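Peer 1: Pasting a structure here, questions to come.
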Amino acid sequence: MTKRTAGPGGTGAAIETSGLVKVFGEKRAVDGVDLTVPAGTVYGVLGPNGAGKTTTVRMLATLLRPDGGEARVFGHDVAREPDAVRARVSLTGQYASVDEDLTGAENLVLLARLLGHRKPAARDRAAQLLEAFGLTEAADRQTKTYSGGMRRRLDIAASILNTPDLLFLDEPTTGLDPRSRNQVWDIVRVVVAQGTTVLLTTQYLEEADQLAGRIAVIDQGRVIAEGTPGELKSSVGAGAVHLRLRDPEQRADARRVVAKVLNAPVQLAADPLALTARVMPSGAGSTEPAELAARALAELAGQGITVDDFSLGQPSLDEVFLALTEKSGDRKSDTSMTKEAAA
Ligand SMILES: Nc1ncnc2c1ncn2[C@@H]1O[C@H](COP(=O)(O)OP(=O)(O)O)[C@@H](O)[C@H]1O
Ligand SMILES: [Mg+2]
Numbered sequence: 001m002t003k004r005t006a007g008p009g010g011t012g013a014a015i016e017t018s019g020l021v022k023v024f025g026e027k028r029a030v031d032g033v034d035l036t037v038p039a040g041t042v043y044g045v046l047g048p049n050g051a052g053k054t055t056t057v058r059m060l061a062t063l064l065r066p067d068g069g070e071a072r073v074f075g076h077d078v079a080r081e082p083d084a085v086r087a088r089v090s091l092t093g094q095y096a097s098v099d100e101d102l103t104g105a106e107n108l109v110l111l112a113r114l115l116g117h118r119k120p121a122a123r124d125r126a127a128q129l130l131e132a133f134g135l136t137e138a139a140d141r142q143t144k145t146y147s148g149g150m151r152r153r154l155d156i157a158a159s160i161l162n163t164p165d166l167l168f169l170d171e172p173t174t175g176l177d178p179r180s181r182n183q184v185w186d187i188v189r190v191v192v193a194q195g196t197t198v199l200l201t202t203q204y205l206e207e208a209d210q211l212a213g214r215i216a217v218i219d220q221g222r223v224i225a226e227g228t229p230g231e232l233k234s235s236v237g238a239g240a241v242h243l244r245l246r247d248p249e250q251r252a253d254a255r256r257v258v259a260k261v262l263n264a265p266v267q268l269a270a271d272p273l274a275l276t277a278r279v280m281p282s283g284a285g286s287t288e289p290a291e292l293a294a295r296a297l298a299e300l301a302g303q304g305i306t307v308d309d310f311s312l313g314q315p316s317l318d319e320v321f322l323a324l325t326e327k328s329g330d331r332k333s334d335t336s337m338t339k340e341a342a343a
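In terms of UniProt numbering, the sequence shown is residues 1 to 343.
Following this line, the structure appears as structure tokens:
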């Protein structure tokens, strides 16, 4: 995958940053970030806790001043023309804006009035958004009674009362159950279909994969990879095989067998029964991942190694990081594997 440092003449970009830096004391929270976000798309910024996602978003939304580098939003410099930037963007997570004691409908009408809409227009827009986000039935309940998913949807609704040209969604689904997560994804699709550019930060590869046209993977304040979801995943491997054995004594043997068949490194998870391997597209000619996994299972059975559980899935974020940091020579140890990767 190639890292794009400049768009074609800078046209059509909603966001362009170069060498963006933010320092907190000794900590370089954002350490030279280059991003080009094409207008009219969903752009994913994918990274673990502490990677620098929120700090980047806050600089782009003019809430924090950069300590170095440059950032332009629709051509306007965030440091020199903050008002021009603010006129075009909206950010979720402004929790102060939603009043817990008001109902969902009252909140949206109030905020629309604050934005200058007359009462009938404010009511219409609120009703329209409540309907679009599946909140009509809850419209007349106080928002303190809302579930996490409903609250998140109301936050997004509040941020698009006036359709912004650029919407920042900072981890909009963290902590939500799968059903609520899907509802938020649908909302993001509606928003982008109406012409808004969305910059979405997330810790989930699957979420970026579902929504984003391009993804920047960031770690420790730096972009470590950039590309389409397909480019990112194929750079990491076609998929990941997760195995759970019956007997922990057999794990070393299983590791050898699987590594040989898949021609790929095998990670030992924290669970003493589990191991995980990436299926590399270049590792074994053009053989399909499922075919390779089946061969590995047959070979394990042939050697008397009992497998209790097996799955073939796309790489987890952990595996993406492992692969990307291995590639850049900055090896992480097996202990960085989380339960998610072992599951
Ligand atoms: N106001 C602040 N003061 C000091 N350190 C901060 C501040 N905000 C963020 N950081 C640090 O900067 C790094 C990046 O944080 P953040 O941008 O919130 O990451 P993310 O959103 O990806 O989880 C973290 O190490 C965090 O502790
Ligand atoms: Mg954050």
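The C-beta atom is built at its ideal place from N, Cα and C for all residues, glycine as well. Quick caveat: nothing in here was measured; it's all calculated off a predicted structure.
Helix, strand or coil for Leu-200 per DSSP?
Peer 2: Note: Leu-200 maps to strand in three-state DSSP.
Peer 1: Whose beta carbon lies closer than 5 Å to any heavy atom of ligand 1, going through the chain in order?
Peer 2: The answer, residue by residue, is Phe-24, Ala-29, Asn-49, Gly-50, Ala-51, Gly-52, Lys-53, Thr-54 and Thr-55.
Peer 1: If you draw a straight line from the C-alpha of Tyr-204 to the C-alpha of Asp-67, how long is it?
Peer 2: The straight-line gap from Cα to Cα measures roughly 28 Å.
Peer 1: Leaving aside the five residues before and after Gln-142 along the sequence, list all residues of the same chain whose C-beta is less than 8 Å from its C-beta, in chain order.
Peer 2: Taken in chain order, the residues that qualify are Glu-100, Asp-101, Leu-102 and Thr-103.
Peer 1: Going by the DSSP bridge assignment, what does Pro-38 pair with across the sheet?
Peer 2: In the DSSP output, where bridge partners are listed per residue, Pro-38 has Ala-13.
Peer 1: Got a sec: does ligand 2 put a non-hydrogen atom nearer than 7 Å to the Cβ of Asp-170?
Peer 2: Yes, since a heavy atom of ligand 2 falls inside the 7 Å radius drawn around the Cβ of Asp-170.
Peer 1: Could you name each continuous beta strand (DSSP E) segment of 3 residues or more that falls completely within the region 56 to 95, going from the start of the chain to the end?
Peer 2: If we require 3 residues or more, the beta strand (DSSP E) runs fully inside the region 56 to 95 come out as 68 to 73 and 89 to 91.
Peer 1: For Gly-52 and Gln-303, what's the separation of their Cα atoms in angstroms?
Peer 2: Between Gly-52 and Gln-303, the C-alpha separation is close to 47 Å.
Peer 1: Using the Cα positions of Arg-222 and Thr-54, report the straight-line distance between them to the nearest angstrom.
Peer 2: Between Arg-222 and Thr-54, the C-alpha separation is close to 13 Å.
Peer 1: Any idea what DSSP makes of Val-320, helix, strand or coil?
Peer 2: Val-320 falls in the helix class under three-state DSSP.
Peer 1: Please report the residue range of the alpha helix (DSSP H) in which Val-307 lies.
Peer 2: Val-307 -> not in any alpha helix (DSSP H); beta strand (DSSP E) instead, spanning 307 to 313.
Peer 1: Rounded to whole angstroms, how far is the Cβ of Leu-130 from the Cβ of Leu-108, which I believe are closer than 8 Å?
Peer 2: About 7 Å; that satisfies the 8 Å criterion.
Peer 1: Identify which residue in Val-307, Asp-140, Arg-152 and Gly-239 has its Cα closest to the Cα of Ala-323.
Peer 2: Of Val-307, Asp-140, Arg-152 and Gly-239, the residue nearest in Cα terms is Gly-239.
Peer 1: Helix, strand or coil, according to DSSP, for Glu-206 in the structure here?
Peer 2: The answer is helix: DSSP assigns Glu-206 an H, G or I state.
Peer 1: Measuring alpha carbon to alpha carbon, tell me which residue in Pro-272, Ala-84, Leu-243 and Asp-271 is nearest Ala-259.
Peer 2: Checked all of Pro-272, Ala-84, Leu-243 and Asp-271; the closest Cα to Ala-259 is Leu-243.
Peer 1: Kindly give me the distance between the Cβ atoms of Arg-88 and Asp-170, rounded to whole angstroms, as I take these residues to be in contact under 8 Å.
Peer 2: The Cβ separation is near 17 Å, so there is no contact.
Peer 1: Can you name, in chain order, every residue of its own chain whose Cβ lies under 7 Å from the Cβ of Asp-140, other than the five neighbours on each side?
Peer 2: Correct list, in chain order: Thr-103 and Ala-105.
Peer 1: Return yes when the Cβ of Val-42 is within less than 8 Å of the Cβ of Val-188, no when it is not.
Peer 2: Contact: yes.
Peer 1: Would you call the CB atoms of Pro-35 and Met-59 closer than 8 Å?
Peer 2: Going by the sequence as given, residue 35 is Leu instead of Pro. Contact flag unset, no.
Peer 1: Return yes when the Cβ of Ala-252 is within less than 8 Å of the Cβ of Leu-262, no when it is not.
Peer 2: Contact flag unset, no.
Peer 1: Report buried or exposed for Pro-172, applying the criterion of at least 16 other Cβ atoms within 10 angstroms of its Cβ.
Peer 2: Burial call: buried.
Peer 1: Distance check for Pro-248 and Ala-39, CA to CA, integer angstroms please.
Peer 2: Whole-angstrom Cα-Cα distance: 51 Å.
Peer 1: Look at the alpha carbon of Thr-202 and the alpha carbon of Leu-114, and state the distance between them as a whole number of angstroms.
Peer 2: Their backbone Cα atoms lie some 30 Å apart in a straight line.
Peer 1: I believe Arg-153 touches Gly-134 by the beta-carbon criterion, under 8 Å. Please report the beta-carbon distance rounded to the nearest angstrom.
Peer 2: Correct: roughly 7 Å between the Cβ atoms.
Peer 1: Can you round the beta-carbon distance between Ala-293 and Val-307 to whole angstroms, since I take them to be within the 8 Å contact cut?
Peer 2: Not confirmed; about 11 Å, so no contact.
Peer 1: Which residues mark the beginning and the end of the beta strand (DSSP E) in which Ala-240 is found?
Peer 2: Ala-240 -> beta strand (DSSP E) spans 239 to 245.
Peer 1: Mind checking which residues open and close the alpha helix (DSSP H) that includes Val-184?
Peer 2: Segment 178 to 193, the alpha helix (DSSP H) holding Val-184.
Peer 1: Let me know the secondary structure DSSP gives Thr-103 once reduced to three states.
Peer 2: If DSSP states are grouped into helix, strand and coil, Thr-103 belongs with the strands.
Peer 1: What number of angstroms, rounded off, separates the C-alpha of Glu-299 from the C-alpha of Lys-22?
Peer 2: Distance between the alpha carbons of Glu-299 and Lys-22 is about 52 Å.
Peer 1: Ignore the nearest five residues each way along the sequence and tell me which others in Glu-70's own chain have a CB closer than 6 Å to its CB.
Peer 2: Within the same chain, Glu-70 has close Cβ partners Ser-18.
Peer 1: If you measure between the beta carbons of Arg-86 and Thr-62, is that distance less than 8 Å?
Peer 2: For Arg-86 and Thr-62, yes; Cβs fall inside 8 Å.
Peer 1: Figure out for me which residue from Val-320, Ile-15, Gly-44 and Gly-50 has the closest Cα to the Cα of Lys-27.
Peer 2: The residue with the shortest Cα to Cα distance from Lys-27 is Gly-50.
Peer 1: Straight-line CA distance for Arg-65 to Ala-79?
Peer 2: Cα to Cα, Arg-65 sits roughly 6 Å from Ala-79.
Peer 1: Would the beta-carbon of Thr-163 fall within 8 Å of that of Thr-196?
Peer 2: Their beta carbons are under 8 Å apart, which means Thr-163 touches Thr-196 by this criterion.
Peer 1: Does the Cβ of Pro-229 have 16 or more other Cβ atoms within 10 Å, making it buried, or fewer, making it exposed?
Peer 2: The residue in question, Pro-229, is buried, as its Cβ has 16 or more Cβ neighbours within 10 Å.
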